[in-house]
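In this note's numbering, the protein residues as written are 5 to 323.
Let me begin by presenting the structure, written as structure tokens, before commenting on it.
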Amino acid sequence: MQARAHPATAAGNLAVLVLDGVVTFDLGVPLLVFGSLPDHYELTLCAPEPGAVPSSDGYSLNVDRGLDELLRADTLVVPGDDLDRPVSPATRQALRQAHARGVRLVSICSGVFALAEAGLLDELTVTTHWRAAELLAHRHPHVTVDPDVLYVDHGQILTSAGASAGLDLCLHIVRRDHGAVAANTAARLAVAAPHRAGGQHQYIKRAIPQASGQSLARTREWALRHLGAELSVPRLARHAAMSERTFARRFVEETGVSPKQWLLAARIDLARQLLESGDTGIDDIARRAGLGTPANFRARFRKATGTSPTAYRRTFSQT
């Protein structure tokens, strides 16, 4: 789920707020993704009080910057932390000041609780790890909690579910800031899927097929090589040697989205890359990405990205 009320920042200064009981996996995700792009992001760790900060794994992290970093940042990432430890009044105030200044606020997993305690999420729809969703809704009844999606983008405030969903959100931010090529570079370094849409379900019923079953990975790889062709569900099902009904069910079980949703996301991503990496004409991009007529391509691209193909190329072109 995503929105684009806040303009993409070109952005460099990115602070990560390390709270007591920080979940080390959540902390590692933004360091991995944004740290892999030093030409685009300058990373800083900060804490309510500089010094040793206890982690969820029992050891301490030395953080030498304080809350002043929140006001110097363009983007602030709040990883998950110990939910039994209240956020200090000074931290809540610093978060409110950062928000008022226009800092982009990003939470990973239970980091959303800090933003909620600062009063920044009232009347918004947000997400967190599905196991913490009920607690978040109970503590903050003015916040709408969607426990099913990977991440939610409201422009200035972005929230993600747990674990790998934080990686998806960070890659989404890179794509929004610097385009598909930069996001795919970070994804390759992280050995991650380049793009999972925010509205995809958190919980996939069968990420690894049963021993007696059949993975659709081969069919998805084949589809990615033939995005310019007519790829209907019947044709994909034939490639997988399944009935259409079985294919559609297994596809959702393995990916969390329908075949049509997956194909559209893959085609838009290919179009992004073609727009960024050369001077290929709009007609040719529409054909190679399987997005129909140029008019249809422009409409679908604008709906997916919030901008036109021409404006996107002007912003992210590598040539």
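Where a beta carbon is used, it is the ideal one built from N, C-alpha and C, also for glycine.
Gly55 - DSSP class collapsed to helix/strand/coil: Taking the sequence shown and counting its residues from 1, the one referred to as residue 55 is at position 51. Looking at Gly55 - three-state DSSP - the assignment turns out to be strand.
How many angstroms separate the CA atom of Arg318 from the CA atom of Thr311? As a working note, residue 318 is residue 314 in the sequence shown. As a working note, residue 311 is residue 307 in the sequence shown. Using only the alpha carbons, I get a separation of about 11 Å.
Roughly how many angstroms separate the alpha carbons of Arg276 and Ala118, rounded to a whole number? One-based indexing of the sequence shown puts residue 276 at position 272. One-based indexing of the sequence shown puts residue 118 at position 114. Answer to the nearest angstrom: the Cα atoms are 34 Å apart.
To the nearest whole angstrom, what separates the beta carbons of Arg100 and Leu139, a pair I think is in contact under 8 Å? Here residue 100 refers to the residue found at position 96 of the sequence shown. Here residue 139 refers to the residue found at position 135 of the sequence shown. Contact doesn't hold; Cβ gap of about 22 Å is too wide.
Could you tell me the boundaries of the alpha helix (DSSP H) in which Cys174 lies? Start at 1 with the first residue of the sequence shown, and residue 174 comes out as number 170. Its alpha helix (DSSP H) spans residues Ser168 to His182.
Inspect the CB distances between the stretch 182–197 and the stretch 230–245 and report whether three or more fall short of 8 Å. no
Pair within 8 Å by beta-carbon distance, Val33 and Gly170: Working through the sequence shown from its first residue, we reach residue 33 at position 29. Working through the sequence shown from its first residue, we reach residue 170 at position 166. Yes, they are a contact pair.
Using only alpha-carbon positions, find the residue among Ile112, Glu280 and Leu49 that is nearest to Val185. Along the sequence shown, read from residue 1 onward, the residue named residue 185 stands at position 181. Val185 has its Cα closest to that of Glu280, out of Ile112, Glu280 and Leu49.
Starting from the Cα of Gly282, find the closest Cα among Leu295, Phe251 and Thr314 and give me that residue. For this step, residue 282 is matched to residue 278 along the sequence shown. Nearest of Leu295, Phe251 and Thr314 to Gly282, Cα basis: Thr314.
4-residue-minimum alpha helix (DSSP H) runs that sit fully inside the stretch 295–322, ordered along the chain: 298–309 and 313–320
For Glu257, which of Ser219, Ser111 and Lys307 has the nearest alpha-carbon? What you label residue 257 is simply residue 253 of the sequence shown in a count that begins at 1. For the residues Ser219, Ser111 and Lys307, the minimum Cα distance to Glu257 belongs to Ser219.
Have a look at Glu127 and His144 and give me their C-alpha separation to the nearest angstrom. Position 123 of the sequence shown, counted from the start, is the residue given in the question as residue 127. Position 140 of the sequence shown, counted from the start, is the residue given in the question as residue 144. So the alpha carbons of these two residues sit roughly 10 Å apart.
Could you tell me whether the Cβ atoms of Leu267 and Phe251 are closer together than 8 Å? Against the sequence shown, residue 267 aligns to sequence position 263. Against the sequence shown, residue 251 aligns to sequence position 247. No. Outside cutoff.
Endpoints, the beta strand (DSSP E) within which Glu225 is located: By 1-based counting over the sequence shown, the position of residue 225 is 221. Where Glu225 is concerned, there is no enclosing beta strand (DSSP E), although the alpha helix (DSSP H) it sits in stretches over Ala221 to Arg229.
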